[in-house]
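To start, the structure itself, in structure tokens.
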Amino acid sequence: MYSQGLRDSQAGDDLPELLEAFQKRIDAEEKIEPRDWMPSAYRKTLIRQISQHAHSEIVGQLPEANWVSRAPTLKRKLILLAKIQDEAGHGLYLYSAAETLGESRHKMFEDLLSGKAKYSSIFNYPTLNWADAGAVGWLVDGAAIMNQVALCRTSYGPYSRAMVRICKEESFHQRQGYAIMLKMAKGSSEQKAMAQDALNRTWGPSLMMFGPSDKDSTHSNQSMKWKIKRFSNDDLRQKFIDATVPQAEYLGLTIPDKNLKYNDKTGHYDFSEIIWDELFDVIKGNGPCNQQRMDARNKAYNDGAWVREAAAVYAKKLNNKKEVA
Amino acid sequence: MSALYNYVLNLADNTLILGQRLSEWCGVGPFLEEDLALTNTSLDIIGQAKMLLELASEIKGDDETADDLAFMRDQHLFKNVLLVEQPNGDYAQTMLRQYMIDVYHVYLYEELSNSSHEKLAAIAEKSLKEVTYHKQRSELWIKRMALGTQESHKRMQNAMNHLWHYHHELFESNDEIDELVQQGIAANPEELHKKWDVEVKDLITQTPLEIPTTGWKATGGRVGHHSEYLGKMLCEMQFLQRAYPGCEW
């Protein structure tokens, strides 16, 4: 932790003039940098959001890693491994971005492992057939990109810069996912059935990735004002649906929503009300894989404890030697 | 099948099976940087497998592709050494297995970079850059674990007791290989073994690790006599191609 001397209002001195000056900088589209003054709530919101985002990358490795050992060709195995490695790399950039706000990676990790910190609920669903590896890239990364492209312009500098790099990689991920779906949807009847099954299971949870409806979103208004968020949950969700429906049509797959219909008046697709109870239930910990994912993360962390300790002790021994020399 | 095909297939299978084993660590490494590094190693090694299997397929000259060789062969047709199919165990076992292979790969690819077989030489040249880095990393881990804490030393010694018996197989020769060496195509296994021995033992003398002096020596991979682990691993790896043959993925 290097929180000492952080230039914000942790002592409760959110002076109106400081707040006003801060808002002016935001309104002028200036990036806020780690050493700048910022309201404590701005810092807190960012730590929460960026660490959740980092945790999502790390937990998100697991459902895809589920298919690495069974990827059907050498090429697919290589692509999937490279993609998951990218996601771990995103986790690393994001933890680093959050560290610039004074939170240590160790603390963030502990919050994840204890269940205190959240991650995207989408990763609490299982990947049951090979087309899920495609659907995750196409829909989950597709939905993530909608959010993340907007975040490239977020007001906090380190987060915004991490996002630029992340988005470049994510767009490859989405394309590789769609490429898998294309092969499956145009393949044998069994492959097509797998593709449809993966779409059926992934569609609803993907729409939930944009978060609660604007009217129920607890964090949205202030985040919009501070330009941490640039678009509302519902706007991004609509944008995602509008972009994705034609892609599903091209695949010859059916989106599992009987109310999905293009609306000439609005120029957007209408869709069914999302089952919000499901989202809130999964966030609470009651999704099909919540326990499994947390167990896997905890096991990896605990099993790795002696490795981390050995590395630390060895590094210390080397340093001592250098000092003696 | 030709001597060259058998030779290349042994190299290919060593990398394919090792890469598959390493990929099991994806997402569950001891910390984030290691997770990335190990997945990267796995990527490099499966990439080598892909190139070598494509070469094997080309030498074979029928319609069997690199993917067919990877996903449609039964275990008795795999030619990898038993070392690479051993389960990952703990991180000490994974890293010792890696170090043993990395040192072998560095000397092997150094030699093969000068092979009279142009394509094999090109694959070796590219791979040499990768395995040189892998070796730097695994060597450091052997030191960290052997000289780190009591527990890490104990685990590394256990790994040594278990895995040491598997290294001889990397350097086995036969009439086919002898002939390929004569033709300037293959690397001389005896020479590789000497270099490997010097380097590995030099590292071990810098640590409190002890080399087991007696025991069984693994053999059989080249003639398809594997450990029980390979069959189960292939069941998983080959599942989709076996369950839905003839599909495009």
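In order, the protein sequences belong to chains A and B.
End of the first sequence = 325 in the working numbering, gap-free, step of one.
End of the second sequence = 249 in the working numbering, gap-free, step of one.
Idealized CB from N, CA, C, for every residue including glycine.
- By the Cβ neighbour-count rule, VAL136 (chain A) is buried, with 16 or more other Cβ atoms within 10 Å of its own.
- In this structure, the straight-line span from the alpha carbon of ALA12 (chain B) to that of LEU207 (chain A) is close to 43 Å.
- When the beta-carbon positions are compared, SER152 (chain B) and ALA310 (chain A) come within less than 8 Å of each other.
- Take the alpha-carbon of ASP36 (chain A) and the one of TYR42 (chain A): they are about 12 Å apart.
- Judged by DSSP in its simplified three-state form, TYR244 (chain B) adopts coil rather than helix or strand.
- Among the residues of chain B, those whose CB is under 7 Å from the CB of GLU190 (chain A) are TYR244, following chain order.
- Residues are counted here when their Cβ sits less than 7 Å from a Cβ of chain B; for the region 70 to 85 of chain A these are ARG70, PRO72, THR73, LEU74, ARG76, LYS77, LEU78, LEU81, ALA82, ILE84 and GLN85, given in chain order.
- Residue range 261 to 263 is occupied by the beta strand (DSSP E) that includes LYS261 (chain A).
- For THR266 (chain A), the number of other beta carbons within 10 angstroms of its own is below 16, and it is reported as exposed.
- Taken atom to atom, the span from the alpha-carbon of ALA82 (chain A) to that of ASN40 (chain B) is near 8 Å.
- Bridge pairing for ILE32 (chain A): A:TYR156 [DSSP].
- The count of Cβ pairs closer than 8 Å, one atom from the region 77 to 94 of chain A and one from the region 188 to 195 of chain A, stays below three, leaving the stretches out of contact.
- Residues of the region 28 to 55 of chain B whose Cβ lies closer than 8 Å to any Cβ of chain A, in chain order: VAL28, GLY29, PRO30, PHE31, LEU32, GLU33, GLU34, ASP35, LEU36, THR39, ASN40, SER42, LEU43, ILE46, GLY47, ALA49, LYS50 and LEU53.
- Sequence-distant Cβ neighbours of LEU55 (chain B) in its own chain, meaning closer than 6 Å and more than five residues away, are VAL8 and LYS119.
- Proximity of chain A to LYS143 (chain B) at the Cβ level (cut-off 8 Å) is accounted for by TYR314, in chain order.
- Excluding the 5 residues flanking it on each side, ILE45 (chain B) has same chain C-beta neighbours closer than 7 Å at THR15, LEU18, GLY19 and LEU22, in chain order.
- In the same chain as SER213 (chain A), and ignoring 5 residues on each side of it, the C-beta atoms closer than 8 Å to its own belong to ASN233, ASP234, ILE274 and TRP276, in chain order.
- Rounded to the nearest angstrom, the Cβ distance from GLY157 (chain A) to GLU33 (chain A) is 5 Å, consistent with a contact under 8 Å.
- Our two residues, ILE122 (chain A) and ARG25 (chain A), have alpha carbons roughly 35 Å apart in a direct line.
- Of the residues assessed, SER272 (chain A) falls on the exposed side of the cut-off, its CB having fewer than 16 other CB atoms within 10 angstroms.
- Chain B places a beta carbon closer than 8 Å to that of GLY91 (chain A), counting this residue as a contact.
- Contact check between the region 164 to 177 of chain A and the region 254 to 266 of chain A: fewer than three CB pairs, one atom from each, fall below 8 Å, which does not count as touching.
- Contacts with chain B at 8 Å (Cβ-Cβ) do not include GLY287 (chain A).
- Comparing C-alpha distances from GLY187 (chain A) to each of B:HIS105, B:LEU234 and B:GLU248 shows the shortest one belongs to B:GLU248.
- In this structure SER116 (chain B) does not touch ALA124 (chain B) by the C-beta definition: roughly 12 Å separates them, more than the 8 Å allowed.
- Within the region 159 to 193 of chain A, ILE180, LYS183, MET184, LYS186, GLY187, SER188, GLU190 and GLN191 place their CB atoms closer than 9 Å to a CB of chain B, listed in sequence order.
- For HIS90 (chain A), DSSP records no beta bridge to any residue.
- Residue contact check for TYR229 (chain B) against chain A: no CB pair falls below 8 Å.
- The region 229 to 245 of chain B and the region 78 to 98 of chain B touch, with no fewer than 3 CB-CB distances between them shorter than 8 Å.
- DSSP places HIS117 (chain B) in the coil class of the three-state scheme, outside both helix and strand.
- If you draw a 10 Å sphere on the C-beta of GLN157 (chain B), you find 16 or more other C-beta atoms in it, and that means buried.
- The residue among A:ALA179, A:ALA296 and A:CYS152 with its C-alpha nearest the C-alpha of LEU139 (chain A) is A:ALA179.
- In the three-state reduction of the DSSP assignment, MET146 (chain A) falls in the helix class, which pools H, G and I.
- A check of alpha carbon separations from GLU170 (chain A) across A:CYS152, A:TRP130, A:LYS183 and A:LEU182 identifies A:CYS152 as the nearest.
- Per the coordinates, the alpha-carbon of ALA133 (chain A) lies some 44 Å from the alpha-carbon of THR207 (chain B).
- Here HIS226 (chain B) carries a coil assignment [DSSP, helix/strand/coil].
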